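First residue of the sequence shown: 271, per the numbering used here; consecutive thereafter. Beta carbons are placed, not taken as given, at the ideal position from N, Cα and C, and that holds for glycine. Being a predicted model, the structure only gives us computed values, none of them experimental. Structure record follows, encoded as structure tokens.
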Amino acid sequence: MSETTHDGTVAVSAPVPPDEGLTAAQLAAKYGLSVSGARPSLFEYVRQLWGRRHFILAFSQAKLTA
Numbered sequence: 271m272s273e274t275t276h277d278g279t280v281a282v283s284a285p286v287p288p289d290e291g292l293t294a295a296q297l298a299a300k301y302g303l304s305v306s307g308a309r310p311s312l313f314e315y316v317r318q319l320w321g322r323r324h325f326i327l328a329f330s331q332a333k334l335t336a
């Protein structure tokens, strides 16, 4: 926002950021962040491994023929 002073100059006040006053944990939760080095649960790991099974098989066969 801006306000005109008595001498005609314009004073600009900085807007308040919407995230002001939040802790780092609250900001992370708000934006869906997680710890980058956190290990997935066993169920999640197996699910990811199963999703990549075609790549794993093709990669291992390609290494054998190369």
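Short Cβ contact (9 Å threshold) for residue i with residue j
i: Ser304; j: Ala298; result: yes
i: Arg349; j: Tyr301; result: A question about residue 349 goes unanswered here, because the residues of the chain that appear run from 271 up to 336.
i: Leu319; j: Ile326; result: yes
Cβ shell of residue i (< 6 Å), same chain only, five flanking positions each side left out
i: Gln296; result: none
Close beta carbons around residue i, own chain, < 8 Å, minus the five adjacent residues each side
i: Asp289; result: Leu297 and Lys300
Complete beta strand (DSSP E) runs within the region 283 to 313 (minimum length 3 residues, chain order)
none
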